[in-house]
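Chains as they are written, first to last, in this note's numbering: chain A, -18 to 284; chain B, 271 to 585.
Reviewing the structure listed below.
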Amino acid sequence: MTASTLSKPANSTAPLRRKNLSGRTRKSGREGYKVNWWLTALMLVASLTVLLPLYFTVAMALKSPEQIGTGTGLAWPNPVNWENFAAAYVATNFPVAFMSTAFVTVFSVLGSLACSSLVAYAIARNWNRRFFRGSFVYLLSAMFIPFPVIILPLIKQTALLGLDNPGGVVFLHVLGGISFNTLLYIAFVRSIPVELEESARLDGATTWQVFRKIIFPLLAPMNATVGIFAFLGSWNDFLLPQMMIADPALQTLPVVQMLFQGEFNTNYSLAFASYLMAMAPTLVVYILAQRWVLSGVMRGAVK
Amino acid sequence: MTTTSEMAQASQPAASTVPSKATKRAVRSKNKIDPTYYWMVVPVLALFAFFITLPALVGVFFSLTNYAGYGDWKFIGLSNYVNIFRDPAILQSYIFTFVFALTTTVVVNVVALAIALGLNAKIKWRTGIRTVFFIPMVLSALVVSFVFNYLFSNTLPVLAERFGVTPLATSILANENLAWLAIVLVTVWQAAPGATIIYLAGLQSVPAEVYEAADLDGAGSFRQFLSLTLPLILGYLIINVILGFKGFLGTYEIIVGLTGGGPGMATQSVAMRIFSGFTGGDYSYQMANAVIYFLITLLISVIQLRLIQRRGVSL
């Protein structure tokens, strides 16, 4: 729970693992470690459980309806049909759905970073005051309220306020994540020595300036963690956009996929092309920034 | 940014000798607080109260009425609550939800721990394999369920027929007794990476010397796992179980993508029932259901916290 354990894995994951490896291996005569080939093979086979559904999605997206026929759908299509993507692009109005999702995601991430770090900073630096300790407990208590409990009145309330649009979803993504994010930040803020900001104050910096110029940059590792969680959470969210956004034209990518459950039920190649286009953005970002994403999530996990 | 912090550091030693530090101390001890701190917290707290706490209270209020979601309403006391306990459909959704959440929690943790152990061992191409295993974490649960929906209802029956496995020749999603297993499977596929990360963090916190000592004592790898690894990562296991169970109780998207609550009402979770109150005209009734659901989850949380405290696990 202390800040030191929290920040440790960020910088010491690599050496720690290397130590683990050399420690746990029976020495194979030479330096380094002996590869466990049986286990490697087993892990490769196990990874097929992830790869096979993905391969299947790609293969289906590239087939014509005739090629799907009554087969398993596992065969690679010959010839490959690229036109499914163009058709799905039109059927789902992809650019609008994409922009709507991007809007929700970008502002949810920015809002989560700004609100949670500000709240965490104020609470951590005024822990001796009852008001701030109380605020912390209040925010945390919300973690015990399951979402289904508030959803019905919440939808009514947001509709009344005219927040039945992507903007309203942003509000709720930020507020819904604030308990957990503040918890992550507070531990981190405590690890930043107060002396650092006290001397800045002597030079005439206001609390805002101290936060903006000293604290927020120092929070960078935690910003990454909170940012990744917020990004994945809002890009992939289905429940809130589905329930809140009244105008179907402004729906986000996951919700738009519902389209293929009804009227277009038979055109599976179109559906899978659309699924693939909905999956692609996060998948590409993840594979490109794999190391960075995993270390960020790991930092959240240790908490 | 850098200039400020450099300046800050540079002025630090000087400050300690100059009387200004004493004055600052004085200011501090006078218990005066910069109002900026309040500005940082209060707006967020107000929004939080308005968008999270207020709906909860409104929900409790309407659970005591006969409000249908529109039109007039009047107080009817606790009759919504009484009716819920007599409603077999609600009871069934609770049974389904708890059986599902328990099963999924167990399977997710077994799978995640196995993957974490594998990734932490001496395997080749570790980074590549790790990348693959964490892919499900970044995908939308709903889209993933749509893909699996086709696999379960079309691919699997065709394969089963080809290999003569008759019980699987019809879609398991259409089978009242098996559909929930499909939901467990997809949930495990989706949720295992998150739990694996927590286990990996746990495994990496175990110092290598512990295993060296066990090696010297001649303990086999299974024995090492049972007597060393498991107790040392117990805290991580508890966290995973708590987070997982709570999350799985609220499962919604994967059920929507796979069965839509069917066949019949066999796979309808409590969350789905509650959401149905929005369109089904039984708003106040489902709010009473939501309040009961809240009390049950709260009770579980309290029990879990007690267990953690008794075990003295600190994380």
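Built from N, CA and C at the ideal position, the CB exists for glycine as well.
* Answer yes if the region 91 to 98 of chain A comes into contact with the region 153 to 171 of chain A, meaning at least three C-beta pairs across the two stretches below 8 Å, and no otherwise. => Put simply, the region 153 to 171 of chain A touches the region 91 to 98 of chain A. At least three CB pairs are less than 8 Å apart.
* Validate contact between the region 36 to 54 of chain A and the region 251 to 271 of chain A using beta carbons, cut 8 Å, 3 pairs -> Segments in contact, yes.
* Asked: Any contact of the region 466 to 481 of chain B with the region 410 to 419 of chain B, i.e. 3+ C-beta pairs under 8 Å?
  -> These segments do not touch.
* Asked: Within the chosen definition, does the region 127 to 134 of chain A reach the region 558 to 570 of chain B through at least 3 CB pairs nearer than 8 Å?
  -> Yes: at least three Cβ pairs fall under 8 Å.
* Partners in chain A for residue 325 of chain B, counting only beta-carbon separations shorter than 7 Å -> Here the neighbours are 131, 134, 135 and 138.
* For residue 345 of chain B, which residues does DSSP report across the bridge? -> For residue 345 of chain B, which the question treats as bridged, DSSP gives the partners B/335.
* Asked: Does the beta-carbon of residue 340 of chain B have 16 or more other beta-carbons within 10 angstroms, so that it is buried, or is it exposed?
  -> Counting Cβ neighbours within 10 Å, residue 340 of chain B comes out exposed, since fewer than 16 surround it.
* residue 282 of chain A versus A/232, A/161, A/176 and A/226, residue with shortest Cα-Cα distance -> Across the set A/232, A/161, A/176 and A/226, the C-alpha of A/161 shows the shortest separation from the C-alpha of residue 282 of chain A.
* Take every Cβ of the region 302 to 313 of chain B, pair it with every Cβ of the region 524 to 544 of chain B, and state whether three or more of those distances are shorter than 8 Å. => A contact is defined here as three or more CB-CB pairs under 8 Å, and the region 302 to 313 of chain B fails this definition with respect to the region 524 to 544 of chain B.
* Rounded to a whole number of angstroms, what is the C-alpha to C-alpha distance between residue 545 of chain B and residue 85 of chain A? -> Taking the straight line from one Cα to the other gives about 22 Å.
* Own chain partners of residue 105 of chain A with C-beta closer than 7 Å, once the 5 adjacent residues on each side are dropped -> Taking C-beta separations shorter than 7 Å and ignoring five residues to either side along the sequence, the partners of residue 105 of chain A in its chain run 167, 170 and 171, following chain order.
* Using 8 Å as the threshold, is the region 31 to 45 of chain A in touch with the region 254 to 267 of chain A, meaning 3 or more CB pairs across them? -> At 8 Å Cβ cutoff, the stretches touch.
* Reduced DSSP category for residue 319 of chain B - H, G, I as helix; E, B as strand; rest coil -> Looking at residue 319 of chain B - three-state DSSP - the assignment turns out to be helix.
* Asked: Quick one: is residue 302 of chain B near chain A, going by C-beta distance under 8 Å?
  -> Taking 8 Å as the CB threshold, residue 302 of chain B stays off the interface with chain A.
* To do: Assign residue 353 of chain B to one of three DSSP states: helix, strand, or coil.
  => Reduced to three states, the DSSP call for residue 353 of chain B is helix.
* Asked: Is there at least one Cβ from chain B nearer than 8 Å to residue 293 of chain A's Cβ?
  -> This structure cannot speak to residue 293 of chain A, because chain A is shown only from -18 to 284.
* Less than 8 Å separating the beta-carbons of residue 533 of chain B and residue 449 of chain B? -> Inclusion of residue 533 of chain B and residue 449 of chain B in the CB contact set at 8 Å is warranted, their separation being smaller than that value.
* Could you run through the region 32 to 52 of chain A and flag, in chain order, every residue whose CB is less than 8 Å away from some CB of chain B? => Correct list: 32, 34, 35, 37, 38, 41, 51 and 52.
* Asked: Cβ of residue 259 of chain A less than 8 Å from any chain B Cβ?
  -> It does: the Cβ of residue 259 of chain A has a partner Cβ on chain B nearer than 8 Å.
* Neighbour-count burial assignment, residue 579 of chain B, 16 or more Cβ in a 10 Å radius -> Result: exposed.
* Are the CB atoms of residue 461 of chain B and residue 385 of chain B nearer to each other than 8 Å? -> Cβ distance not < 8 Å, so residue 461 of chain B and residue 385 of chain B don't count as in contact.
* Name the two residues that bound the continuous alpha helix (DSSP H) containing residue 258 of chain A. => It spans 249 to 269 - the alpha helix (DSSP H) in which residue 258 of chain A sits, taken as one unbroken run.
* **Candidates A/242, A/207 and A/24, of which the one nearest residue 395 of chain B by Cα** => Ranking A/242, A/207 and A/24 by Cα distance to residue 395 of chain B puts A/24 first.
* Asked: Do you know whose CA, among A/183, A/28 and A/97, lies nearest residue 203 of chain A's CA?
  -> For the residues A/183, A/28 and A/97, the minimum Cα distance to residue 203 of chain A belongs to A/97.
* Listed by chain order, chain A residues near residue 541 of chain B by CB distance under 7 Å -> One finds 129 in chain A with Cβ atoms closer than 7 Å to the Cβ of residue 541 of chain B, taken in chain order.
* To do: Decide if residue 285 of chain A is buried, meaning its Cβ has at least 16 other Cβ atoms within 10 Å, or exposed.
  => Since the first and last residues shown for chain A are -18 and 284, residue 285 of chain A lies out of range.
* Does the beta carbon of residue 571 of chain B come closer than 8 Å to any beta carbon on chain A? -> With 8 Å as the cut-off, residue 571 of chain B counts as an interface residue toward chain A.
* Pairwise C-alpha distance: residue 315 of chain B and residue 115 of chain A -> Cα-Cα distance, rounded: 11 Å.
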